[in-house]
Each structure stands twice: as structure tokens, then as C-alpha cells.
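**Q**
2 protein chains.
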Amino acid sequence: MNGAETLVETLLASGVRVCFANPGTSEMHFVHALDQHPEMRCILCLFEGGVSGAADGYYRMTGEVAATLLHLAPGFGNAFANLHNARKAQSGVLNIMGDHADYHLRFEAPLKGDTVGIAQAVSHWTRVCSSSGKVAGDAAEAVQAARSKGGQIATLILPANTAWEEASSFAVAAAPPPLRRPSVAEVKAAANALRQPGAILMIDGPALHSDLGLLAKRLTKAYGARLMQPFFVSRFRRGAGALKIERMAYRIEDNLKLLAGAPSLVLCGTARPAGFFAYPGLPSTPDDPETRLIELCSREMDIAWTLHALSQELGEAELTADDFVPEDRPALAEGAVTMAKVGESIAALMPEDAVVVDEGITASAHLAPALRRAAGHDVLTITGGSIGFGLPNAVGAAVACPDRKVVVLEGDGSGMYTLQSLWTMAREGLDVTTVIFANRGYQILREELAAMGVNGVGRNAQRMFDVEGPILDWVALAQGHGVQAVRVSDMAGFNAAFSEAMGQRGPRLIEVVC
Amino acid sequence: MNGAETLVETLLASGVRVCFANPGTSEMHFVHALDQHPEMRCILCLFEGGVSGAADGYYRMTGEVAATLLHLAPGFGNAFANLHNARKAQSGVLNIMGDHADYHLRFEAPLKGDTVGIAQAVSHWTRVCSSSGKVAGDAAEAVQAARSKGGQIATLILPANTAWEEASSFAVAAAPPPLRRPSVAEVKAAANALRQPGAILMIDGPALHSDLGLLAKRLTKAYGARLMQPFFVSRFRRGAGALKIERMAYRIEDNLKLLAGAPSLVLCGTARPAGFFAYPGLPSTPDDPETRLIELCSREMDIAWTLHALSQELGEAELTADDFVPEDRPALAEGAVTMAKVGESIAALMPEDAVVVDEGITASAHLAPALRRAAGHDVLTITGGSIGFGLPNAVGAAVACPDRKVVVLEGDGSGMYTLQSLWTMAREGLDVTTVIFANRGYQILREELAAMGVNGVGRNAQRMFDVEGPILDWVALAQGHGVQAVRVSDMAGFNAAFSEAMGQRGPRLIEVVC
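From first to last, the protein sequence lines stand for chains A and B.
So in this note's numbering, spot 368 of the first sequence is number 368, and the numbers just go up one at a time.
Quick note, this note's numbering runs 514 ahead of the 1-based positions in the second sequence.
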């Protein structure tokens, strides 16, 4: 048995069942070891950003850590952006990064790079394995690290010789250490604050897609506190039957209004809200300077225990139908395309319990009001703000939930960063419908330029915001990756295409010219 | 005047004329400043790997530093792989990375990341600007750093407020410091070694594409030493009229034979040769243990001075026609497609002084014998081994040399990492012909698995090596990016398509099914 074999057996024995991969030469022995274990599902992505984004989406929908198989420093570089998004989503991801044989590193081989430096720039836990006999133990610790503190990025760097040299046996990951908890005194103080009218409890993490949300709703209802969530979260429930939770907005100006006048803001599973960027003349944080900020439970801490402890103090009010979003499906929209109408038609047609991966950026703001009236669905958002998250996350979500329809709302600018994920959807037959909003440019940049107080767009700026001349043909791009696609320019066309996609299984792409 | 304006004026005053860009919100003030200066050529790439690869190709063909405009940590992450290749090519690249306003960094904004960590993992020089008044001075130093030691990666991180806050005036980059030189005693020792029959002088850097090559040839000829070059280099001359220089091979086994028995190996502008990877049972380095290794002049040192100093010691023999590759164009190949035949037809049709960007990986080995018989051309190779280099480098080379035909030899696996560069070729009307070798898989991995001593390919491995089911349709992919394309499956088709591409200007793609 060699080190690579002990790695694969350790992953399997520790409950890791899926490996998203883009391997290179230094990972050949792992590939061979994977061959001996068909019970590990290996999914090839043609670009490493697809690998890391898929592992993120898989964790968001299952709470289970997937492995990634990445090649050296530059391969990890390609995975970096979606690891950043995964980190901000608090997803547990286990990266296996191959490296040169350790004795080869003193020479200047072309692919020699700073594997540790780039890994540490985005990982919570990084280790270089020092010998084949330690691969199993290190891998078990890496799995544990990825599962710790509510989900972390763990990167194990395996020099090629630790893969091919002899090793004895596999190991099993220990359970993650207990989560830290706030003190009883801190809980009492937060509970007292939540008894004041207008106080806010802001929650994130599992509280947004499990019964913990019901608990949070009942305990805030007891004294009439507001229950809120951040704008960018790993996963939240929306549509008919979803618990009513106020969602923060994207723009700092809107959030200043949302939080104005609250006597206190209690944070449970989230950090202090901050502007997406700083803007000249606006504050970095939207909370009212008069508001008492209570950072009760950070996102790495024990959110479940904390909410239960709060309920012990505050009691729980019964929930009524009014605490949930009612059934109110919009009708199909007709006529010329607007984003609001596309939202209505999606809401009219999307099946119960879909997974919506939302990277529509500027388009999504216009879609959201209608999507709140759709059948109940989960929403995955771009937690780290790094575009190119949508298509890869959809791959992971679809692998995680083969019986649920996955719908990607994607900008044409953002979709281009990781379009290779379309191929993986086709190869794996994933049930993903991608809607591309083809506004032929980086609309967000046009809007941000104005938000920055910069007026007037000249030729150089124009040419950095517009993606036309030539126009991207998303139908051809999808077909090039093996995905069926259609372009629509009115609502009748959209309704027909989206309805057909909802009625069938497998990957599809709809380009909406807008 | 604000910091962003002083940045752009400093770049222009320091001779930086081209900016490859994929900006985000934190770079909006730079975009606005660029608007005031149309003399800065701004070229949009739809993915950051296209940005960094283009800056690399531009430097390789001009020796001039281009700026990149990148967004925060994840945007830099996307640029990382081709910065790695640029670093190994010793290309000078100036990265401008925006960041949050410095006062915003204490909050947990979604895009907050380890900008310094990721920059340092690939840059020779990294600095975070501390105030708007220092932008100009820092930018001037960054330009100088990028031009120092024969070409470096310099990364200047500019918090958004340093861009929008007041500043006074621009600065001008100082000349780079003088290059280090070996001592006279070291030169004399190396010259003595080169007097022995069978001794080798190995050169790289400017010596491979300037008159320094002639000098190296004359001084080695004086005593009959061998003149060699590494396999992966920034740029070298090939085809009719090129100086005869022995090129190292890819495989360590071949290089062991090439270097066997040499009494000494003198390195000038290059490091000790090393295997692309380590392999079980093979040495890391191909030089003969009996050979005296003389590391005379590293690639950061003064290669020109060193070669002149050697010639002072050794004298120079006259060169004759026999020292140059003769005219010997192959005829057009006919019949079924083989890689060797594609090489012959390319060699038959390619115009004088083309630029060949070689990322054909396994295909290129079969093409090379014929391409040595083509008209004289420059070759750019994948110095850092990180795939996804070809299309972006071609963008940079074509911007650098608008009057020369650029030909990209590209694998179907490797091309997928940065296919977005096709769009930039179309938008800028770049004269690039891309030839995709569609073997529908990572052929290099199939071969490396065997080289690693692993035999037998099972289902998991098969599915990580093969890029089919579905097959990538490169014609559709190219057209989706606005590039004309054709698929050919025999030599008649290839000859017609390549001949047409050579006869016209603008981007084209030919998919060769093989």
C-alpha cells in the first residue's frame, strides 16, 4: 500500500464520498488509487475554479465535506476565487494539492511555486505532509479541520513521493472539537436587549435553512424583536412556506435605513454588517451609531446552543400562518422582456423545492420581488463577492441533490469566468437550468462607477464595461460545452423555454437578451 | 488631482503604454483616470488569467512592462497561474490590484481577502500603498521593480481611498539598478572549462532572441564547445536562418543522454536543469554526476556582460552558413491527419517572422521536427508549466507585434483554462490563428501516468483523463466568442483552412480532430 492509497481509504473511512478534480502529473498516484475505489465519486471539471465552486455548492446543500484534487500552486491559484467564496459561505472544503517530490523542490522545476503561500492565503488549515507514513493521519486531521468551527477550508499539500512511497494503513477523522459558546452572562445580556421594542436578532448559517430558524422566530416573537439575515448568505429559504425573515439589502444606503433606530442588534452566527465596499462620504457599517451592538455568537461558535439558550431566557411565542410567506404565485408574464417579468415567469413555473443559485448580480435585484412569490426554494448567494461562483456552485448543488431542480440566475459578465462548468453539467447529466441575463456588459460596474461619485464614461471606461463588439453568443458557448441552449428575446419565448426546461431533466441554458 | 490620476500619469511618464484589465468596483477611480488618458491602451479580458497571460506575452515580444488591472484577492487568484508562467519566463509585469479602502478592512466585507498573501506567493515585489500622496512614488518604484533583474513580477496594492483621495503630482520610474556580474576569476574559470572538448555553454533569456546569441555561438565555436538552451524558455528563434542551438528535451531520460559525458556545463542566464517532475527511480537533475557544473551567471544577472567577458577570454570564431538552419521548407502534407503532417503543412504555409505560441503539449513534440524547417519564427513556450498560457500569451504577442502573424498551437484540454481570450482577440481584431489539437483528453496525463510507473487505467482515471461525453465543440466555442472557426479532419481540410488563415488578417480558429 502506498501513501496515495491510504489517502483515498482515509477519505472514504472518514465519510468523504465525492471528489471534484482537476488533477495534474503530481497527482497521478492519487488518480490510480481512486481507480481502486469506485465508491468514491470522481467528477472532472475542466478548470479548477469549477472544482472549488462545486465543492462549495455541495457543502451548502449537504453540510458534508467534499474533496478537491488540485495541481500545485498555479492550479490552486485557479481554484482560489471560489475557495474565497466558500470561505465566506463557511463551507467545509478539503483541498488535496499535489506538489513536487520533496527532494525535487531544491531545483528550479517549471511548476515549482509557493504552494504553502497561496494555500495559506485562503485556507484556515494548511499542512505539508512530510512522509508517506503520515499521509493517512494528516488526511484525517484535514477532514476534521474542514468540519470544524462550522466549516473551514483545509488544504493538505502532498509531495508526490509521499503518494508513491510505502505506507501502512488508513486513518479515520476524529469528530470536530466542540464549538465555543458564549457565557451565560452574555446570553442573559443579549436576551435583555432583545426584550426592548425594535431590537434586532440577526442570524446566519444553519439557522437560515433548518429548524433553528423556527426557534429564532419564536423567541424573537415573544417580545416583538425583529429577526433579520444578511444579504449574502450561504443558503436561505425563500418563496411560499418560507419563514418571514427580514433580509438586508445590497446598498449601504438601504441598510442604513433598515437598521436605523434599533436599540440593539444581537448577532448570532454572523459578523457585524459591513458595506460591500467603502464609498466616499458613506460609513463602512450600516448599524446606527446609537444602536448597542452585541456580538453574541460568531459564526464559528455554537449557534444552535446559543439560540436554545436565548429561548430559555425569552420563552417562545407560537408561530401562526402569518409568520410564513403565503402561497401567491404570480401569473406568467407576457410581452417585451423586463427583469421583473422574467422573475414572474420563473416564479410561475419553478417547481417546489428547487435550488436557485443566484449570480444574477444587477438582474437579481429586479427578479427578487417575484421570486419571493415562487414555490418554496433554497437560494445560494455569492457570499464572497467573487464572480464566477454560479455555474460551479450549481454543479455541486446538483450532485448533492439529484432529485431537485437547480436554477442558475447568471450574468453574462460573471458567467464567463467559469463557463467550463457547463461541460461538467453535460457529462454528469446534472439537472441544471441556467438563465443568462445578456445585458452585454458589466452592469454592476456601470452602477458602481456612479456610486463612487464618478460621472461621465469615456472610451477607455466604456470599453472596460461593455462586453460587445463582438457580442457573446451564449447559445454557441453552451452547445460548445455539450449543453442544449436557446436564445429568447420576448416573454413568450422565455416562457416556452423555461417551461420546457422545468418539464425535463438535464442541463439547459436560456440566454435572455435584455 | 486624485491618487488614481497620479497613478495613470506616472505609468505613462514612465513609459508604460498598455494596460490589460479586468477591473472591479475597487478600481473604479482608476478606470475613470484611464478615461482621461486615451494614450494608455486599455484592453479588456473577460477573465483575469487572460490579463496576466497577455502581459506576459507582451513582455516576451517587446521587453516592455505592461500594467495589469486586477480586482482584490480573488481576482488576483484568477491571474495567478499565468503570473506563475510569467515569473518563470522572467517577464516584467506590473500588477495594479485594488483593495478595499484601508479603513474598511477592519470589517468583514464579502470581498475582503488576503491580498498581500496571494500577491507575495508569486510576486518578487509587493507593496500596499499607505496614502493617496504616495501612489505616484509607489507606482514609479513598482515600474522600476518590474524592470529590475531582467524582469520581475511587481504588485502594487492600492486601497480604494488612496485612489480617490487628493494627491499632488505624478512621478517617473528610475532606471533599474545595474545587474550583478560574476567576478573576473569566475569568468576565467568558466572560460577554461569551455576550452575542454565537449564542454557545454547553456544560455537563456535575451541570448536566445538577440545578437547575444551570435556572440555565444562564436565564442563556443572557438574551442568547439556545445551551445545549448533549456526546453522551456521565454522566447527562442526557430526555422530557416535561426542560429543552430541544441535544445534540451522534455523527458528526463532524453536529457540524461544529451548531457552525458560533458566535462563541464557552464550556465549563463539559466539555472541548473531539473526534471519537469521527479519520477520514482530517476534523478531530479539530468547533468552527469561526473560533469563539473559552473553556475556562472544566474538569470537575474548581467548576461550580456558575461558573454562579452567570456569572448574576451576565448576569442570568437567566424560563423558560416553551417551555423544557421538552412532553407528547407517541407511540402504540404496530404491524406489522413497526423501530428507530424500538420507540422509539415504549418511549416509549408507559415509566413516569415511569425510568432508561434506553443501550448500543444503532447502534440507539439510531433510537430517540432517539421517546424524547424519552417520560415524563421519566434517561439514562446510554457515556461512555468501551468496550462492555460497559450491563448492569453497570443493576445499579448499580437498586441506587441501587430504586423506579425501569431500562431497558437493549443491542446483541447489546455485551451479550456483560458478560452475567454478568444473574445479579446475578436474585439481587438488581433491577427492570431489558433490551431486546436482535439485529442479529446489530457493526453499528457495518460503519458505521465505511465511515466510514473502506474499501469492500467480504470473508470475513475479514465474519466479524469478523457474530455469527451460530451465532446467539446471548439468551432461553437470560438464562434460564441466572436471568432471565425472551422473543424478539419483531413490534411486537405487543414491545408485549406490554414492557408486561408495565413492569407488574411484577424483571429481564426482551426479545430484539428486527431
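Ideal Cβ positions, reconstructed from N, Cα and C, are used throughout, including at glycine.
Return the first residue and the last residue of the beta strand (DSSP E) that A/Ile118 is part of.
**A** Locating residue 118 of chain A in the first sequence gives position 118, where the first residue counts as 1. Looking at the DSSP string, A/Ile118 is not in any beta strand (DSSP E); the run it does join, the alpha helix (DSSP H), is Thr115 to Gln120.
**Q** Please report whether the beta-carbon of B/Met1005 lies at a distance below 7 Å from any beta-carbon of chain A.
**A** Reading the second sequence from its first residue, position 491 is the one you call residue 1005 of chain B. No, its Cβ sits nowhere closer than 7 Å to a Cβ of chain A.
**Q** Under a Cβ-count criterion, where at least 16 other Cβ atoms within 10 Å of its own Cβ denotes burial, should B/Arg464 be classed as buried or exposed?
**A** Because residue 464 of chain B is not part of the residues shown, which for chain B are 515 to 1028, the question remains open.
**Q** Where does B/Pro673 sit, in a helix, a strand or coil, going by DSSP?
**A** Walking along the second sequence from the start, residue 673 of chain B turns up at place 159. The answer is strand: DSSP assigns B/Pro673 an E or B state.
**Q** Output, in chain order, the set of chain A residues within a Cβ distance shorter than 8 Å of B/Val565.
**A** By one-based count along the second sequence, residue 565 of chain B stands at place 51. Within chain A, no residue comes near B/Val565; the closest Cβ sits about 11 Å away, beyond 8 Å.
**Q** Should A/Thr338 go down as buried or exposed, given a rule of 16 or more other Cβ atoms within 10 Å for buried?
**A** Counted from its first residue, the first sequence places residue 338 of chain A at position 338. Exposed is the call here.
**Q** Please name the residue or residues paired with A/Asp378 in a DSSP beta bridge.
**A** In the first sequence, the residue the question calls residue 378 of chain A occupies position 378. Answer is A/Arg237 and A/Val355, bridged to A/Asp378.
**Q** Among residues of its own chain, excluding the 5 on either side of A/Arg106, which ones have a beta-carbon nearer than 8 Å to its beta-carbon?
**A** Walking along the first sequence from the start, residue 106 of chain A turns up at place 106. Excluding sequence neighbours, A/Arg106 sits near nothing in its chain.
**Q** List the residues of chain A that B/Glu1030 touches, going by C-beta distances under 7 Å, in chain order.
**A** Since the first residue shown for chain B is 515 and the last is 1028, residue 1030 of chain B is missing from the structure and cannot be characterised.
**Q** How big is the Cα-Cα spacing for B/Leu583 and B/Cys643?
**A** Your numbering for residue 583 of chain B matches position 69 in the second sequence. Your numbering for residue 643 of chain B matches position 129 in the second sequence. Using only the alpha carbons, I get a separation of about 15 Å.
**Q** Using a Cβ cut-off of 7 Å, pull out every chain A residue sitting near B/Arg941, in sequence order please.
**A** Residue mapping note: residue 941 of chain B aligns to position 427 of the second sequence, counting from 1. Chain A residues near B/Arg941: Gly469 and Pro470.
**Q** Looking at C-beta atoms only, is the number of pairs between the segment 521 to 534 of chain B and the segment 549 to 563 of chain B that lie closer than 8 Å three or more?
**A** Three or more beta-carbon pairs separated by less than 8 Å link the segment 521 to 534 of chain B to the segment 549 to 563 of chain B, which places the two stretches in contact.
**Q** Tell me, which residues are paired with B/Asn516 by DSSP?
**A** Mapped onto the second sequence, residue 516 of chain B falls at position 2. BP columns for B/Asn516 point to B/Glu680.
**Q** Show which residues of chain B have a CB atom less than 7 Å away from the CB atom of A/Pro110.
**A** Position 110 of the first sequence, counting from 1, holds the residue named residue 110 of chain A. Neighbours of A/Pro110 on chain B, chain order: Lys602, Phe746, Phe790, Thr897, Gly898 and Gly899.
**Q** With A/Gln420 as the anchor, note down where its alpha helix (DSSP H) starts and where it stops.
**A** Within the first sequence, residue 420 of chain A is the residue found at index 420, counting from 1. Careful: A/Gln420 lies outside any alpha helix (DSSP H) and carries neither H nor E.
**Q** Does A/Gly57 come out as helix, strand or coil in the three-state DSSP assignment?
**A** Within the first sequence, the letter at position 57 stands for residue 57 of chain A. It is helical.
**Q** Pick helix, strand or coil for B/Val981, following the three-state DSSP scheme.
**A** Taking the first residue of the second sequence as position 1, residue 981 of chain B is located at position 467. Three-state result, B/Val981: coil.
**Q** Which residues mark the beginning and the end of the alpha helix (DSSP H) in which B/Gly485 is found?
**A** Coverage of chain B is limited to positions 515 through 1028, which leaves residue 485 of chain B absent and any answer about it impossible.
**Q** For the segment 896 to 930 of chain B, which residues have a beta carbon sitting closer than 7 Å to at least one beta carbon of chain A?
**A** Taken in chain order, the members of the segment 896 to 930 of chain B whose beta-carbon sits within less than 7 Å of a beta-carbon on chain A are Thr897, Gly898, Gly899, Ser900 and Met930.
**Q** Per the DSSP calculation, A/Asn95 is bridged to which residue(s)?
**A** Along the first sequence, one-based indexing puts residue 95 of chain A at 95. For A/Asn95, which the question treats as bridged, DSSP gives the partners A/Thr68 and A/Thr155.
**Q** Let's test the definition: count the other Cβ atoms within 10 Å of the Cβ of A/Pro110 and tell me whether it reaches 16, buried, or not, exposed.
**A** Within the first sequence, residue 110 of chain A is the residue found at index 110, counting from 1. Buried: at least 16 other Cβ atoms inside 10 Å.
**Q** Can you confirm whether A/Cys42, when its beta carbon is compared against all beta carbons of chain B, has any partner nearer than 7 Å?
**A** Taking the first residue of the first sequence as 1, we reach residue 42 of chain A at position 42. So, interface residue.
**Q** For B/Tyr617, count the other beta carbons within 10 Å of its own beta carbon; 16 or more makes it buried, fewer makes it exposed. Which is it?
**A** Here residue 617 of chain B refers to the residue found at position 103 when the second sequence is read from its first residue. So B/Tyr617 ends up on the exposed side.
**Q** Under 8 Å Cβ to Cβ from B/Phe1012, same chain only, skipping five residues before and after it: list those, please.
**A** One-based indexing of the second sequence puts residue 1012 of chain B at position 498. Excluding positions up to five away in sequence, the list reads Ser859, Ile860, Leu863, Thr947, Val949 and Ile1024.
**Q** Can you name the start and end residues of the alpha helix (DSSP H) that B/Gln658 belongs to?
**A** Your numbering for residue 658 of chain B matches position 144 in the second sequence. Val649 to Arg661 is the span of the alpha helix (DSSP H), which, as asked, contains B/Gln658.
**Q** Where does A/Val337 sit, in a helix, a strand or coil, going by DSSP?
**A** Residue mapping note: residue 337 of chain A aligns to position 337 of the first sequence, counting from 1. Looking at A/Val337 - three-state DSSP - the assignment turns out to be coil, as it is neither helix nor strand.
**Q** Assess, as a yes-or-no matter, whether the segment 789 to 809 of chain B is touched by the segment 766 to 780 of chain B under the definition of 3 or more beta carbon pairs within less than 8 Å.
**A** yes
**Q** With three or more beta-carbon pairs closer than 8 Å as the criterion, would you say the segment 900 to 909 of chain B touches the segment 595 to 615 of chain B?
**A** yes
**Q** For the segment 136 to 168 of chain A, which residues have a CB atom closer than 8 Å to at least one CB atom of chain D, in sequence order?
**A** Of the protein chains in the structure, A and B, none is chain D.
**Q** Using a beta-carbon distance cut-off of less than 8 Å, what residues from the segment 201 to 229 of chain A approach chain B?
**A** none
**Q** Run through chain A and tell me which residues come within less than 7 Å of B/Phe561, C-beta to C-beta.
**A** Residue mapping note: residue 561 of chain B aligns to position 47 of the second sequence, counting from 1. Under the 7 Å cutoff, chain A gives Met416 and Tyr417.
**Q** Note down the Cα distance separating B/Thr820 from B/Lys702, rounded to an integer number of angstroms.
**A** Here the question's residue 820 of chain B lines up with position 306 in the second sequence. Here the question's residue 702 of chain B lines up with position 188 in the second sequence. About 11 Å.
**Q** Within the same chain, show all residues whose beta-carbon is closer than 6 Å to that of A/Leu371, passing over the 5 residues directly before and after it, in chain order.
**A** To locate residue 371 of chain A, count along the first sequence from 1; it is residue 371. Once the five neighbours on either side are set aside, the close Cβ partners of A/Leu371 are Gly343 and Ala347.
**Q** State the DSSP-derived secondary structure class of A/Gln36, mapped to helix, strand or coil.
**A** Here the question's residue 36 of chain A lines up with position 36 in the first sequence. DSSP places A/Gln36 in coil when its eight states are reduced to three.
**Q** Whether or not the segment 760 to 775 of chain B and the segment 901 to 916 of chain B are in contact is what I'm after, with contact meaning three or more pairs of Cβ atoms, one per stretch, closer than 8 Å; do they touch?
**A** no
**Q** So A/Leu391 and A/Gly415 are supposed to be a Cβ contact under 8 Å. How far apart are they, rounded?
**A** Taking the first sequence and counting its residues from 1, the one referred to as residue 391 of chain A is at position 391. Taking the first sequence and counting its residues from 1, the one referred to as residue 415 of chain A is at position 415. Between A/Gly415 and A/Leu391 the Cβ distance is about 6 Å, and since that is below 8 Å, they are a contact.
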